[in-house]
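**Student:** The structure is given below, and queries will be raised subsequently.
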Amino acid sequence: MDMHLHIRGKLVLSFLLLAVVAAVVGAVGTRYIIKMQALDADLYERFTATMNDMSAISDGFYKQKILLRELYLNALRPDANRAALVSDAKQEMAGLEEGLIMSHATVEAAVDDAGTLEILSDMRAAIDRFGTEVGEEVVNLIAAGNMEAAYDILTGTKAVEIENKIAEAINLLFARREMSAQKQAETNARLAAAATATMNVIIAAGFIVAVMLGLLLSRFISKPVKEMVVAAKQFATGDLNVELTTKSKDEIGLLAEALRTVSDNMTEVLSEIRKAADQVAAGAAQLAATSTSLSAGAMQQAGSIEEITAALRQIEVKTGQNAENANTAGDLAEIVSINATKGTGCMQKMLRAMDEINVSAADIANIVKLIDDISYQTNLLALNAAVEAARAGQHGKGFAVVAEEVRNLANRSSKAAKNTTELIGRHCRK
Numbered sequence: 556m557d558m559h560l561h562i563r564g565k566l567v568l569s570f571l572l573l574a575v576v577a578a579v580v581g582a583v584g585t586r587y588i589i590k591m592q593a594l595d596a597d598l599y600e601r602f603t604a605t606m607n608d609m610s611a612i613s614d615g616f617y618k619q620k621i622l623l624r625e626l627y628l629n630a631l632r633p634d635a636n637r638a639a640l641v642s643d644a645k646q647e648m649a650g651l652e653e654g655l656i657m658s659h660a661t662v663e664a665a666v667d668d669a670g671t672l673e674i675l676s677d678m679r680a681a682i683d684r685f686g687t688e689v690g691e692e693v694v695n696l697i698a699a700g701n702m703e704a705a706y707d708i709l710t711g712t713k714a715v716e717i718e719n720k721i722a723e724a725i726n727l728l729f730a731r732r733e734m735s736a737q738k739q740a741e742t743n744a745r746l747a748a749a750a751t752a753t754m755n756v757i758i759a760a761g762f763i764v765a766v767m768l769g770l771l772l773s774r775f776i777s778k779p780v781k782e783m784v785v786a787a788k789q790f791a792t793g794d795l796n797v798e799l800t801t802k803s804k805d806e807i808g809l810l811a812e813a814l815r816t817v818s819d820n821m822t823e824v825l826s827e828i829r830k831a832a833d834q835v836a837a838g839a840a841q842l843a844a845t846s847t848s849l850s851a852g853a854m855q856q857a858g859s860i861e862e863i864t865a866a867l868r869q870i871e872v873k874t875g876q877n878a879e880n881a882n883t884a885g886d887l888a889e890i891v892s893i894n895a896t897k898g899t900g901c902m903q904k905m906l907r908a909m910d911e912i913n914v915s916a917a918d919i920a921n922i923v924k925l926i927d928d929i930s931y932q933t934n935l936l937a938l939n940a941a942v943e944a945a946r947a948g949q950h951g952k953g954f955a956v957v958a959e960e961v962r963n964l965a966n967r968s969s970k971a972a973k974n975t976t977e978l979i980g981r982h983c984r985k
């Protein structure tokens with residue numbers, strides 16, 4: 556069997572071979588059955604059926620004997636109508652003769668051996684002789700009223716001799732036909748034995764072919780499947796180093812080739828995954844270091860932001876005080892302009908207020924300088940955070956955004972401090 560055939564082809568070929576074996580068994584069996592039927596029909600037609608005709612010949616002869624004796628006995632009665640009895644006897648004798656002729660013809664047509672035909676011919680001649688020399692003679696004597704002569708013929712040696720010869724012929728004929736039937740039956744039995752032996756041989760050969768086909772199919776299908784089951788179990792445990800020896804071109808071979816390809820591809824993929832994992836581990840370590848630096852910088856920035864917030868609160872307080880002082884100065888200036896006459900006392904109050912304003916301005920200048928220094932330091936920290944975020948790549952985008960916002964806040968704080976310094980300078984100059 557070609558191992559490169561598809562499984563469907565292998566199965567179809569195997570079942571075709573089995574079908575051929577079954578067809579051979581059926582054909583041989585049918586041939587022998589038909590032959591046995593023909594022999595049985597021949598046995599029946601040549602022997603069994605002819606037995607009935609041979610029995611009919613024997614029965615016809617003995618009926619003739621009985622008819623003659625009944626005729627003789629009936630003719631002895633005083634009131635007997637001999638003419639009527641003789642007429643009826645002749646009609647019955649004619650009917651029996653016709654039946655004997657038909658049965659003899661049937662048996663003669665069925666017999667094919669010369670010995671049996673000779674016996675049959677002798678029996679027919681004896682029956683004819685009995686009919687003419689005994690039957691007709693007795694009937695004629697009874698019709699003439701010569702009952703004693705009729706009795707002598709019925710019981711005489713001639714009648715007994717003819718009867719014995721006919722009985723012997725009938726017995727011999729039955730014996731020969733029985734022997735021929737036995738021979739034919741033995742021939743049929745030998746043919747049946749030969750048919751049985753032939754059928755047994757063919758059936759045994761078919762059984763051997765079926766077993767061989769089963770073993771071949773098991774080898775071509777079961778063995779590769781077992782290999783693939785073992786390979787699948789190795790896959791399940793994570794072992795990709797499998798070895799499949801199947802090289803056929805059928806579906807199982809293609810499946811084995813696919814498993815080999817899957818094993819190779821998975822091995823290659825796992826190798827790439829190991830490389831990528833090593834790279835990810837290295838990147839994670841670098842990212843951890845960068846995150847530590849960013850965390851420290853963020854904590855420092857948080858402290859700076861808290862200082863900026865406190866300074867802004869102080870600025871807010873001082874600005875409120877300045878606003879109040881400015882309002883007070885305005886009120887005082889208005890009072891001075893209105894109450895110029897009270898200038899000495901009010902001037903002194905105004906000078907004191909101006910001194911307080913100058914002191915507050917000096918404090919505000921110091922605070923503004925502090926805010927400007929904090930803004931400068933915060934700007935440097937934001938710049939360092941942006942540099943670290945750029946080095947971190949994709950993972951540092953969040954830090955870059957935070958650094959940018961901190962830098963913007965520092966710039967706004969510095970600008971606000973400068974504006975406050977200019978405003979205080981203008982007020983001091985005024």
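Everything in the sequence shown is counted per our numbering, starting at 556 for the first residue and increasing by one.
The C-beta atom is built at its ideal place from N, Cα and C for all residues, glycine as well.
Just so we're clear, the structure is a prediction, and the values are computed from it rather than from any experiment.
Would DSSP call G654 helix, strand or coil?
**Tutor:** helix
**Student:** Is it buried or exposed, Y627, if we count other Cβ atoms within 10 angstroms and call 16 or more buried?
**Tutor:** Sixteen is the threshold: when 16 or more other Cβ atoms of the shown chains lie within 10 Å of the Cβ of Y627, as they do, the residue is buried.
**Student:** Which of helix, strand or coil does DSSP assign to L631?
**Tutor:** coil
**Student:** Nearest to L727 by alpha carbon, out of G690, G654, I674?
**Tutor:** The residue with the shortest Cα to Cα distance from L727 is I674.
**Student:** Go ahead and label Q834 buried or exposed: buried means 16 or more other beta carbons lie within 10 angstroms of its beta carbon, across all protein chains shown.
**Tutor:** exposed
**Student:** Need the endpoints of the alpha helix (DSSP H) that L687 sits in, please.
**Tutor:** One point to set straight first is that residue 687 is Thr, not Leu, in the sequence displayed. No alpha helix (DSSP H) holds T687; DSSP gives it neither H nor E.
**Student:** Less than 6 Å between C-beta atoms, sequence neighbours within five positions excluded: which residues of the same chain meet that for L938?
**Tutor:** none
**Student:** So K952 and A941 are supposed to be a Cβ contact under 8 Å. How far apart are they, rounded?
**Tutor:** Not really, about 11 Å apart at Cβ, beyond 8 Å.
**Student:** Just list the beta strand (DSSP E) runs in the stretch 933-971, keeping only unbroken ones of 3 residues or longer that don't cross its boundaries, in chain order.
**Tutor:** none
**Student:** What three-state label does DSSP hand N636 in the structure shown?
**Tutor:** coil
**Student:** Whole-angstrom Cβ separation of A714 and V689, contact assumed at under 8 Å?
**Tutor:** 5 Å
**Student:** Quick check: L622 and E647, are their CB atoms within less than 9 Å of each other?
**Tutor:** yes
**Student:** When you compare only the Cα positions, how much space is there between L768 and R731?
**Tutor:** 54 Å
**Student:** By alpha-carbon positions, which one of R632, D683, L672 ends up nearest to L651?
**Tutor:** D683
**Student:** Run the CB neighbour count on P779, radius 10 Å, all protein chains shown included, and call it buried at 16 or more, exposed below.
**Tutor:** buried
**Student:** Apart from the five residues on each side of it in sequence, which residues of its chain come closer than 6 Å, Cβ to Cβ, to A698?
**Tutor:** V641
**Student:** Below 7 Å CB to CB, which residues in the same chain sit around A724 once its five sequence neighbours on both sides are set aside?
**Tutor:** I674, D677, M678, A681
**Student:** Buried or exposed for R962, please, with buried defined as at least 16 other CB atoms from any protein chain shown within 10 angstroms of its CB.
**Tutor:** Burial of R962 is indicated by the presence of at least 16 other C-beta atoms within 10 angstroms of its C-beta.
**Student:** Output yes or no for whether 9 Å exceeds the beta carbon distance between M754 and V583.
**Tutor:** yes
**Student:** Buried or exposed: where does Q737 fall if 16 or more other Cβ atoms within 10 Å of its Cβ makes it buried?
**Tutor:** exposed
**Student:** Between the stretch 920-934 and the stretch 966-974, are three or more C-beta pairs nearer than 8 Å?
**Tutor:** yes
**Student:** With a 10 Å radius around its C-beta and 16 neighbouring C-beta atoms as the bar for buried, classify I721 as buried or exposed.
**Tutor:** buried
**Student:** Could you spell out the range, first to last residue, of the alpha helix (DSSP H) harbouring I776?
**Tutor:** Premise fails: I776 is in no alpha helix (DSSP H) and is neither H nor E.
**Student:** Name the residue from A747, G615, A791 whose alpha carbon lies nearest to the alpha carbon of A593.
**Tutor:** A747
**Student:** Can you tell me the Cα-Cα spacing of A752 and T742, whole angstroms?
**Tutor:** 15 Å
**Student:** Which residues mark the beginning and the end of the alpha helix (DSSP H) in which V694 is found?
**Tutor:** 692-699
**Student:** In the DSSP assignment, find the alpha helix (DSSP H) that holds I710 and state where it starts and stops.
**Tutor:** Residue 710 is actually Thr in this sequence, not Ile. Counting along the chain, the alpha helix (DSSP H) containing T710 begins and ends at 702-710.
**Student:** Can you tell me whether V567 is buried or exposed, with buried defined as 16 or more other CB within 10 angstroms of its CB?
**Tutor:** Exposed: under 16 other Cβ atoms inside 10 Å.
**Student:** Please report the straight-line C-alpha distance between L849 and E889, rounded to a whole angstrom.
**Tutor:** With a pLDDT of only 47 at L849, under 50, the local geometry of the prediction cannot be trusted, and the value read off the model is given with reservation. Roughly 57 Å separates the two Cα atoms.
**Student:** Out of G581, A750, D667, point me to the one whose CA is closest to K590's CA.
**Tutor:** A750
**Student:** Rounding to the nearest angstrom, what Cα-Cα distance links V693 and A644 in this structure?
**Tutor:** 11 Å
**Student:** Figure out for me which residue from L936, A760, G686, E782 has the closest Cα to the Cα of I717.
**Tutor:** Considering only alpha carbons, the answer is G686.
**Student:** Leaving out five residues on either side along the sequence, give the residues of the same chain with a beta carbon under 7 Å from the beta carbon of A791.
**Tutor:** none
**Student:** Quick one: grab the DSSP three-state call for D886.
**Tutor:** helix
**Student:** Taking C-alpha atoms, which residue in L935, M702, I926 lies nearest to A635?
**Tutor:** M702
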